[in-house]
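**Q**
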Amino acid sequence: EAQVTQNPRYLITVTGKKLTVTCSQNMNHEYMSWYRQDPGLGLRQIYYSMNVEVTDKGDVPEGYKVSRKEKRNFPLILESPSPNQTSLYFCASSSPSLAGVETQYFGPGTRLLVL
Amino acid sequence: SQKIEQNSEALNIQEGKTATLTCNYTNYSPAYLQWYRQDPGRGPVFLLLIRENEKEKRKERLKVTFDTTLKQSLFHITASQPADSATYLCARRVTYKYIFGTGTRLKVLA
Chain A
1 EAQVTQNPRY LITVTGKKLT VTCSQNMNHE YMSWYRQDPG LGLRQIYYSM
51 NVEVTDKGDV PEGYKVSRKE KRNFPLILES PSPNQTSLYF CASSSPSLAG
101 VETQYFGPGT RLLVL
Chain B
1 SQKIEQNSEA LNIQEGKTAT LTCNYTNYSP AYLQWYRQDP GRGPVFLLLI
51 RENEKEKRKE RLKVTFDTTL KQSLFHITAS QPADSATYLC ARRVTYKYIF
101 GTGTRLKVLA
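Taken in sequence, the protein lines are chains A and B.
All letters in the first sequence, in the order written, are residues 1 to 115 by the working numbering.
All letters in the second sequence, in the order written, are residues 1 to 110 by the working numbering.
1) Should the segment 73-91 of chain B be called in touch with the segment 11-24 of chain A, which here means at least 3 C-beta pairs below 8 Å?
2) For V108 of chain B, which option in B:T65, B:I13, B:E56 has the closest C-alpha, if you only look at C-alpha atoms?
3) Following the continuous beta strand (DSSP E) through H76 of chain B, name the residue where it begins and the one where it ends.
4) Assuming the contact rule is C-beta atoms closer than 8 Å, E5 of chain B and G101 of chain B should be a hit. Round their C-beta distance to whole Å, please.
5) What residue does the beta strand (DSSP E) around G42 of chain A start on, and which one ends it?
6) Pick out whichever of A:V114, A:N73, A:D38 has its Cα sitting closest to the Cα of E79 of chain A.
7) With 16 as the cutoff for other CB atoms within 10 Å, does A31 of chain B come out buried or exposed?
8) Taking the CB atoms as reference points, tell me whether A110 of chain B and E15 of chain B lie closer together than 8 Å.
9) Can you tell me the Cα-Cα spacing of E52 of chain B and F66 of chain B, whole angstroms?
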């Protein structure tokens, strides 16, 4: 089954304790992305990756790191989490269709609470 | 900067009626707009895409229009059902970035 998986699905942590949220896709997609979703603010892109070893900042990259060493994986790293990073996080992947247009496939989400 | 605006107020309609949701964008027209459905606590699911040079696109009970003069896309659900209740998101791509609207919550009343 084609899918994007994220782990963990739920995480409670404390300020300053480094954490990693994993994302993996089995569709051989080139493009992967991380979003956070907050009430009233909608989905905002954190980082994206056009392909292996190619990443760039989205609209809200501060406090986050990413890496893309393999095509299927795109982990999100919070080196020193703070309470304002409490949010619902989504990973997504996509690849150009025959028509040359991408549609994104989203993971199930990771709910993070930083105390 | 490029923005996507959707009516953040919830839309309640009666079952069987047509729901119409609005997506407005700023600055230059995107090459295409995408519409997604999101259920509570779950990831968005792609529904439809409409290109700049397309006036209208249909998929079963869904219809999307794109008006570059008004800088607006309309998303219609005909013969709406309670199962259509969800939040609907509009998105555009700017180079390699995606910009989403905040979404409109639709509730279809039985």
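The beta-carbon is built from N, C-alpha and C at its ideal position, and this holds for glycine as well.
**A** The relevant details are as follows:
1) Cβ pair count under 8 Å is below three, so no.
2) Of the candidates B:T65, B:I13, B:E56, the one whose C-alpha sits nearest the C-alpha of V108 of chain B is B:I13.
3) In the DSSP annotation of this structure, the continuous segment of the beta strand (DSSP E) that includes H76 of chain B starts and ends at 72-77.
4) Yes, they are in contact, since the Cβ atoms of E5 of chain B and G101 of chain B sit about 6 Å apart, within 8 Å.
5) Here the beta strand (DSSP E) through G42 of chain A covers 42-51.
6) Here the closest residue by C-alpha is A:V114.
7) Counting Cβ neighbours within 10 Å, A31 of chain B comes out exposed, since fewer than 16 surround it.
8) Taking 8 Å as the Cβ cut-off, A110 of chain B and E15 of chain B qualify as a contacting pair.
9) Whole-angstrom Cα-Cα distance: 7 Å.
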